[in-house]
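Protein chains in written order, with this note's numbering: chain A, 1 to 130; chain B, 1001 to 1161.
The C-beta atom is built at its ideal place from N, Cα and C for all residues, glycine as well.
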Amino acid sequence: MRSYVLGLLVAAAGVFLISSPTSAHHGLAHYDMKKTIALSGTVTAFDWGNPHCLIHMDVMDDGGHFQHWTLEMSSISAMSRRGWAKDTLKRGDQVIVETHPAQNGTSLGISSSPDFALKLVVNGKEIPSR
Amino acid sequence: MYQSLVAFCKWLESTWWGTGVRTSLWVYPFIQLIHFSGLSLWLGTNAAVDLRLLGVGKKRQTAAQLSDALLVWNWIGFCIVVLGGFLLFSATGSTYVANPAFQVKLGMLVPLALVWHIVVQQKTRTWGQTPETPAAAKLAGLVELLLWISVVTAAVEIPNH
Chain A
1 MRSYVLGLLV
11 AAAGVFLISS
21 PTSAHHGLAH
31 YDMKKTIALS
41 GTVTAFDWGN
51 PHCLIHMDVM
61 DDGGHFQHWT
71 LEMSSISAMS
81 RRGWAKDTLK
91 RGDQVIVETH
101 PAQNGTSLGI
111 SSSPDFALKL
121 VVNGKEIPSR
Chain B
1001 MYQSLVAFCK
1011 WLESTWWGTG
1021 VRTSLWVYPF
1031 IQLIHFSGLS
1041 LWLGTNAAVD
1051 LRLLGVGKKR
1061 QTAAQLSDAL
1071 LVWNWIGFCI
1081 VVLGGFLLFS
1091 ATGSTYVANP
1101 AFQVKLGMLV
1111 PLALVWHIVV
1121 QQKTRTWGQT
1131 PETPAAAKLA
1141 GLVELLLWIS
1151 VVTAAVEIPN
1161 H
């Protein structure tokens, strides 16, 4: 009897797995590490968080339209070792930042990991990547 | 169903422990340490019994004796790994439930491996009476080992998706 209950639980888990829409979230993240682009825009939010800090920014494209970008950074401990703190970036800061864009063309990129840190200029001042 | 799951995750993220783990400098790696330590105890004791079912160390004790001796440590390990996993999940659960590797891990492989483990643990009491285990026991032990390797592989893949 008990094994039937357990079997049902597994079946239910399987149904959940199939039915959950993976497209609901942007978090795919196979980035094109061979490609580096530079973005210029305004910080809308900076998430100082684990497992990754995130920079949210608005970038004006050639047609004058704003495009919202999310840039993945390292964990808090890795960013701290590079001299970052939660107030290193603030809403409204003007930034020029390099990033490796997502391979699927969404406005998502990675700009820092424990292994690398791409160039970042905040309000005209470059943040040294140690 | 998926939307209410995301809502639940968002609530977890807003709790004091979810926020604390997410925004802390050293708590996060410490919780990872708890998760991996519990995992080592849980998987280590699982693997020991599975290997014994396969015939490793059969002169020392029967599979039933080994399983019985390790039972408490096995489930203590389980409690630690779940506690650590729950806290890590609380920090950013909404991104995990959208992650294909996490979905495969927690939606399919973990329930399957867990059910398999419980059945094998029960059966070992009868299978493991003699030094030589029956063929069914060997197969069950091998399958459990492969299931947990699959779970860990899916877990390792989470950051890549």
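Start-to-end residues for the alpha helix (DSSP H) that takes in residue i
i         : result
A/Ile45   : The sequence as given places Ala at residue 45 of chain A; Ile does not occur at that position. Here A/Ala45 belongs to no alpha helix (DSSP H); instead the beta strand (DSSP E) covers Ile37 to Asp47.
B/Thr1126 : Val1110 to Trp1127
B/Ile1076 : Ala1063 to Val1097
A/Ala85   : Run containing A/Ala85: none; DSSP gives neither H nor E here.
C-beta atoms of residue i and residue j nearer than 8 Å
i         : j         : result
B/Val1021 : B/Ile1031 : yes
B/Gly1128 : B/Thr1062 : yes
B/Ala1154 : B/Ala1098 : no
A/Leu89   : A/Val122  : yes
B/Leu1053 : B/Ala1140 : yes
A/Phe66   : A/Asp58   : yes
B/Tyr1002 : A/Asn50   : no
A/Met132  : A/Ile55   : No answer is possible for residue 132 of chain A: the residues shown for chain A start at 1 and end at 130.
Residues near residue i in its chain [Cβ-Cβ closer than 7 Å; skip 5 each side]
i         : result
A/Gly92   : Thr42 and Val43
B/Val1117 : Strictly speaking, residue 1117 of chain B in this sequence is His, with Val absent from that position. Excluding residues within five positions, the ones whose Cβ falls inside 7 Å are Asn1046 and Glu1144.
A/Lys35   : His100 and Pro101
B/Arg1125 : Ala1064
For residue i, the first and last residue of its enclosing beta strand (DSSP E)
i        : result
A/Trp69  : Phe66 to Glu72
A/Ile55  : Leu54 to Met60
A/Gly109 : Leu108 to Ile110
A/Leu120 : Leu120 to Val122
A/Thr99  : Gln94 to Pro101
8 Å CB neighbourhood of residue i in its chain, flanking five on each side removed
i         : result
B/Val1072 : none
B/Glu1185 : Look at the range of chain B in this structure, 1001 to 1161, and you will see that residue 1185 of chain B is not part of it.
B/Val1082 : Gly1038
For residue j and residue i, believed in contact at Cβ under 8 Å, the rounded distance
i         : j         : result
B/Trp1042 : B/Phe1078 : 5 Å
A/Ser111  : A/Val97   : 6 Å
B/Gln1121 : B/Ser1067 : 6 Å
A/Gly83   : A/Tyr31   : A/Gly83 to A/Tyr31, Cβ: 24 Å. No contact.
Spatial neighbours of residue i in its chain, beta-carbon cut-off 6 Å, leaving aside the 5 residues before and after
i         : result
B/Val1156 : none
A/Glu126  : none
A/Met33   : His100
Closest by C-alpha distance to residue i, when choosing among the options
i         : options                                       : result
A/Ser75   : A/Ala102, A/Ala38 and A/Cys53                 : A/Cys53
B/Lys1105 : B/Val1151, B/Ala1136, B/Ile1080 and B/Thr1130 : B/Val1151
B/Ala1091 : B/Met1001, B/Ser1004, B/Thr1015 and B/Thr1126 : B/Thr1015
B/Ala1136 : B/Leu1147, B/Trp1148, B/Leu1146 and B/Lys1123 : B/Lys1123
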